[in-house]
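Protein chains in written order, with the working numbering: chain A, 1 to 313; chain B, 1001 to 1532.
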């Protein structure tokens, strides 16, 4: 196991280098000039050029890349071209809401979708299965912002139970923290629950058709034991895969939810940075997202081996 | 059992890993805090390097100005106790009033003022004209300094009091010595609010607290002038990328103030008795269409005049704003109902005349080369909502038109290109200017006509520049009006810029906010919060 982890970690180095080169090049080749954005609407060409020189954007691209990559290797992601603040501080500020949303949404998704998916598979073709299938199709067909606005209308504007927007860290109190996240997580959860439920259902159905399940039943094992100890364990690999994909999608990919609920997470930061052509922030975030992707995949690989030791052999 | 224990440990680890203390966007929690959504997020802290309005607004929170303009348009002392003019009208001596202190405790001195004016004047267009006319700036003592000009002029009063686009904020000397190309990151001013740097999250959250050391003037607040008395403990600016969220939040009492409510959502606010709408023409804007004078076909004056004849302001403003309560057509380059507002020389500006446009194009020998309009689809007021109308009007006027859709940031980059269309250039872009920025020939940078030194589009008219110089060195009212009128006639004839009408800004506030001032800049002094 350790050798696998070390090999996978070693493989991340060339991946990150390629990511760094590609993102750096793409940003320089796309239209948009942070100096023009900083200068504002009334600036002259001369003033923009002056700011560009100060930002170092007048230098050849290879020189800019060399400066950036040597600083990154020393743990320095530089300062934001727009605000002048350290990129690492800005990213850390936005990480809290993103971690909270990701963890709670995954927890909520797994707690609902796994039992519902198992139930649906177990009662395949019955009314409960049809209801779950219909709800799943509805769940991933309705855009998240529609769900969000409907939830805001009902729970904030009509009932007044929950706030419309904003984020509170856990240090402000557990209830204040949670009540600001209930609606965003409920909105996001609708899609991911629908998705994971479908995966769980189809994986369990596939497994329930296997010979060893028939053998287990023939030996007199009850349905609970068949489902949880035989079917679910063997169906876990594809379920873990989809949960891993969900985590990577949630980190940095929920900008619509973050915008509708005014949550200052990484998704909003990356979009704001792209719109403002804040190169240093975009570069840092893409590298960060790549690292997260790599480690989530590594964690999923390790979990594969725990739930299915045959993979190791 | 072993598996259960492992899962329990995993769950506990996840909970421990929760974002303790990371990031926060608070909304109103105390009765004396105003939570406001400004028209754009605050991302940088240098009000001299950029003309972005939100940074100007930030400047008015924490900095002070030597002079300001009252509700009647008169120049009044702000940080100054007085100013004196020499008999020949060339030397102005400024004396600071007592009690001016920096937020970190030091006294404001004349050296701070001189350094601040110096940095600001390299960036601001009126400041640049003032600098050209300045022959000496002398520190007399800690509270007094003088400025001497090559000719009799009151430009110092006009330049140092104007609220837009770059206001002459006074900063500590050590900060003001920063190169104008290098953004300052400190936030030490002497204004009525202090900036809480620890709470600043660019693009998300900015917190200001009342400056208890600030000594307001004794005169009542009027426009940007008079007493700047802070009546709340804190003001927090939060950004909300989704306009609907802002509207829901103010209706729900989670925020207190929206600087610019979206016009299409106003019906939701108009019907709410807990909300007051603040219609401000002073903070309003003038959408403009800018033609590139360096590239064909608009390097030909007749083609430019054809474009002006093709435009119908009413249709454009209808698409831009919608509700006629909040816009009007206007033929005045310097704004309707302003001191220099006139329709002189405006001719076909307000109503479209397609036949005239076609005739002018024929006379110009226009060969049907497509004109490229940059369409900022993500910025409604700057053209997102009305560029398609302009395109159609130009087509009806005989032009072949190509609309290039893009985001605003791409537009601001591309408009700096003076190259031909095939090499990434452009023919037309649109934006809007704050009315405070267009009120006279010096403030209105769209009227400047000094060729490649001018604003994007680069019109060239030596006579306009001569008149603007004269405007800077004249203080006779009748003469100033005559000069402004001639500038308008010349700019309209040359189609230096095409004004597209005027709109009022509609803000929203909870009914509990009292004392909101009608000023060219949204200011937070004088406002009381009397409840939720």
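C-beta: ideal position from N, C-alpha, C; glycine also. Fair warning: this is a prediction, and the values are worked out from it, not measured in the lab.
{"Query": "Nearest-angstrom Cα distance between residue 1493 of chain B and residue 1429 of chain B?", "Result": "19 Å"}
{"Query": "When you compare the region 1030–1046 of chain B with the region 1212–1223 of chain B, are there three or more beta-carbon pairs, one atom per stretch, that lie closer than 8 Å?", "Result": "no"}
{"Query": "Please check the pair residue 1275 of chain B and residue 1508 of chain B, which I expect to be a contact at CB under 8 Å, by giving their CB distance rounded to whole angstroms.", "Result": "6 Å"}
{"Query": "Under the assumption that residue 138 of chain A contacts residue 128 of chain A (Cβ atoms under 8 Å), give the Cβ distance between them as a whole number of angstroms.", "Result": "Residue 138 of chain A to residue 128 of chain A, Cβ: 16 Å. No contact."}
{"Query": "Less than 8 Å between CB atoms is the rule here; does residue 125 of chain A satisfy it with respect to chain B?", "Result": "no"}
{"Query": "Between the region 1225–1248 of chain B and chain A, which residues of the former have a C-beta closer than 9 Å to a C-beta of the latter?", "Result": "1238, 1239, 1240, 1241, 1242, 1244, 1245, 1246 and 1248"}
{"Query": "Taking the straight line between their C-alpha atoms, what separation do you get for residue 7 of chain A and residue 76 of chain A?", "Result": "26 Å"}
{"Query": "Beta-carbon within less than 7 Å of residue 1401 of chain B's beta-carbon, same chain only, minus the 5 sequence neighbours each way: which residues are those?", "Result": "1370, 1371, 1373, 1391, 1394 and 1395"}
{"Query": "Please confirm if residue 1023 of chain B has its CB atom under 8 Å from at least one CB of chain A.", "Result": "Since pLDDT at residue 1023 of chain B reaches only 41, below the 50 mark, its modelled position is unreliable, and the value read off the structure follows with that caveat. Closer than 8 Å to some Cβ of chain A, the Cβ of residue 1023 of chain B qualifies, so yes."}
{"Query": "Quick check: residue 1042 of chain B and residue 1206 of chain B, are their CB atoms within less than 8 Å of each other?", "Result": "yes"}
{"Query": "Closest Cβ-Cβ distance between residue 1385 of chain B and chain A: below 8 Å?", "Result": "no"}
{"Query": "Run through DSSP, which three-state label would residue 1025 of chain B get?", "Result": "With a pLDDT of only 42 at residue 1025 of chain B, under the threshold of 50, the placement of this residue in the model should not be trusted; the figure read from the coordinates follows. Here residue 1025 of chain B sits in strand by DSSP."}
{"Query": "In three-state terms, what does DSSP make of residue 1444 of chain B?", "Result": "coil"}
{"Query": "Does chain A have any CB closer than 8 Å to the CB of residue 1290 of chain B?", "Result": "no"}
{"Query": "If you run the structure through DSSP and keep just helix, strand and coil, what is residue 1392 of chain B?", "Result": "helix"}
{"Query": "State buried or exposed for residue 1109 of chain B, treating a residue as buried only when at least 16 other CB atoms are found within 10 Å of its CB.", "Result": "buried"}
{"Query": "Buried or exposed: which applies to residue 153 of chain A, given that a residue is buried once 16 or more other Cβ atoms fall within 10 Å of its Cβ?", "Result": "exposed"}
{"Query": "Cα separation between residue 1343 of chain B and residue 1499 of chain B?", "Result": "11 Å"}
{"Query": "Cβ of residue 315 of chain A less than 8 Å from any chain B Cβ?", "Result": "Since the first residue shown for chain A is 1 and the last is 313, residue 315 of chain A is missing from the structure and cannot be characterised."}
{"Query": "Quick check on the burial criterion: 16 or more other C-beta atoms within 10 angstroms. Buried or exposed for residue 1000 of chain B?", "Result": "No answer is possible for residue 1000 of chain B: the residues shown for chain B start at 1001 and end at 1532."}
{"Query": "Determine the extent of the alpha helix (DSSP H) in which residue 1489 of chain B is found, giving its start and end residues.", "Result": "1477–1494"}
{"Query": "Taking a contact to mean a Cβ-Cβ separation below 8 Å, would you say residue 1065 of chain B touches residue 1155 of chain B in this structure?", "Result": "no"}
{"Query": "Roughly how many whole angstroms lie between the Cα atoms of residue 1366 of chain B and residue 1460 of chain B?", "Result": "21 Å"}
{"Query": "Does DSSP put residue 303 of chain A in a helix, a strand or coil?", "Result": "helix"}
{"Query": "Measuring CB atoms only, is the region 1145–1152 of chain B touching the region 1077–1095 of chain B, in the sense that at least three cross pairs come out at less than 8 Å?", "Result": "yes"}
{"Query": "What is the residue span of the alpha helix (DSSP H) that residue 206 of chain A lies within?", "Result": "182–208"}
{"Query": "Kindly list the residues whose CB is nearer than 7 Å to the CB of residue 259 of chain A, restricted to its own chain and excluding five residues on each side of it in sequence; keep chain order.", "Result": "268"}
{"Query": "Using the Cα positions of residue 1021 of chain B and residue 1248 of chain B, report the straight-line distance between them to the nearest angstrom.", "Result": "Note that residue 1021 of chain B scores a pLDDT of 41, beneath 50, so its modelled location is shaky; the value from the coordinates is reported in the next line. The alpha-carbon atoms of residue 1021 of chain B and residue 1248 of chain B are separated by roughly 27 Å."}
{"Query": "Please compile the residues from chain B whose C-beta is within a distance smaller than 7 Å of the C-beta of residue 272 of chain A.", "Result": "1203"}
{"Query": "When DSSP labels each residue in this structure, what does residue 1418 of chain B get in the three-state scheme?", "Result": "coil"}
{"Query": "Under 8 Å between C-beta atoms, does residue 33 of chain A make it to chain B?", "Result": "yes"}
{"Query": "Any contact between the region 276–285 of chain A and the region 141–152 of chain A? By contact I mean 3 or more CB pairs, one from each, below 8 Å.", "Result": "no"}
{"Query": "Can you pull the chain A residues whose beta carbon is under 7 Å from the beta carbon of residue 1409 of chain B, in chain order?", "Result": "32, 37, 275, 276 and 277"}
{"Query": "For residue 96 of chain A and residue 1518 of chain B, I'd like the C-alpha separation in whole angstroms.", "Result": "39 Å"}
{"Query": "For the beta strand (DSSP E) that residue 1298 of chain B lies in, which residues bound it at each end?", "Result": "Run containing residue 1298 of chain B: none; DSSP gives neither H nor E here."}
{"Query": "Got a sec, what are the start and stop residues for the alpha helix (DSSP H) residue 1317 of chain B sits in?", "Result": "1313–1320"}
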